[in-house]
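Heads up: the sequence shown begins at 19 in our numbering, then just goes up one per residue.
The beta-carbon is built from N, C-alpha and C at its ideal position, and this holds for glycine as well.
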Amino acid sequence: MGDTGVFVPYGPTHWSALTVGVLGAVVLVAVGRRLRGSPAERTFCRAFAVTILVLLVPLQLRLLTPGTFDVQISLPLQLSDLSWITAAYALWTRRAWACAPLYYWGLTLTPQALLTPATDAPDFPHVAFLHFWVLHLLVTWTAVYLTWGAGVRPTWRGMRVTLAITVGWAAVVLPFNLLAGTNYGFLARPPSNASLLDLLGPWPWYLVVELALVAVGWSAITWPWTRRQPAPARP
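Structure below.
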């Protein structure tokens, strides 16, 4: 696409995209609650999964084509890439181990990207803008739909599974970054734009602090769903 200018955080396109995100989440929760437990629920989930694949597979393949490929950004090694693939699989199968990461990634890490996106990215309607927002909104929408629409509840086991998957992803991507000079997942250095990582210290210590904060944060958003109600007082 042609020159569209540079994306401006909290400019008109940013607010528009965030508004679409909120409205889409509200609609998906309403639809999910209406369909919950009905034969149509499975059909809707699978249609949602196919929509994710139809939109994002071509966008990912575009990054791998000659003339577009850049080892710094084109490989599907971001946690967000793992997130959208997991989202499609979770919606299609409703496997508990696949649904669990969506709650944690889609409601904590993905929103950070939506609220503090890169400042050097192209603006709407550039395909890079569309790729970023379609991917991150679909992941967040999947998390919201599964949790408040379909009624898939977080568990401590699900949190442990998500931590294990996340650490496993980092264990693969970090060495690749060091060998290839890339920065997937910001595991090699913080992003150039302001982000929460700036508050966590220098590399590599911010990775340790980030993992600790993630574990605490994910525990905090798991506990309300899993705590036992106190037994009623005896008369």
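Cβ-Cβ separation, residue j to residue i (assumed contact under 8 Å), whole Å
| i | j | result |
| --- | --- | --- |
| L156 | W102 | 6 Å |
| T160 | L109 | 6 Å |
| Y202 | Q96 | 6 Å |
| P94 | T104 | Not a contact, Cβ separation roughly 12 Å. |
| W166 | V40 | So it is not a contact: roughly 13 Å between Cβ atoms. |
Nearest to residue i (by Cα), restricted to the options the options
| i | options | result |
| --- | --- | --- |
| V24 | R54, P143, I183 and W159 | P143 |
| A168 | R113, Q90, W174 and L81 | R113 |
| T86 | A67, A146 and A48 | A146 |
| A233 | V185, A212, L100 and T200 | V185 |
| C254 | L100, L41, A35 and G42 | What is shown of the chain runs 19 to 253, which leaves residue 254 out entirely. |
| R245 | V40, V75, W174 and E59 | W174 |
| L164 | A230, Y121 and V226 | Y121 |
| T134 | H32, Q90 and L74 | H32 |
| A212 | Q130, A182, A198 and T69 | Q130 |
| T180 | V44, T69 and G235 | G235 |
| L79 | S92, V68, H154 and G219 | S92 |
| V72 | T61, D216, L153 and W241 | L153 |
| W115 | G199, L197 and A182 | A182 |
C-alpha gap between residue i and residue j, whole angstroms
| i | j | result |
| --- | --- | --- |
| A188 | R52 | 38 Å |
| T128 | D88 | 23 Å |
| V26 | D141 | 8 Å |
| L205 | L214 | 14 Å |
| A106 | L148 | 19 Å |
| R171 | P84 | 43 Å |
| W243 | F66 | 25 Å |
| L192 | V162 | 29 Å |
| M177 | L81 | 32 Å |
| A139 | S210 | 12 Å |
| P220 | P208 | 9 Å |
| Q90 | N195 | 9 Å |
| T111 | G42 | 22 Å |
Residue i classed as buried or exposed, judged by whether at least 16 other C-beta atoms fall within 10 angstroms
| i | result |
| --- | --- |
| W151 | buried |
| Y28 | exposed |
| A238 | exposed |
| S98 | buried |
| A58 | exposed |
| L55 | Leu is not the amino acid found at residue 55; the sequence shown has Gly there. By the neighbour-count rule (16 or more Cβ atoms within 10 Å), G55 is not buried but exposed. |
| A11 | With the chain covering 19 to 253 only, the question about residue 11 has no answer from this structure. |
| T69 | exposed |
| G50 | buried |
Residue interval of the alpha helix (DSSP H) (run including residue i)
| i | result |
| --- | --- |
| P15 | Here the chain covers residues 19 to 253 and nothing more, so residue 15 does not appear. |
| W123 | Element bounds for W123: n/a, residue is neither H nor E. |
| L53 | P30 to L53 |
| V162 | V145 to V162 |
| G176 | W174 to A198 |
| P209 | That residue, P209, is in no alpha helix (DSSP H); it is neither H nor E in DSSP. |
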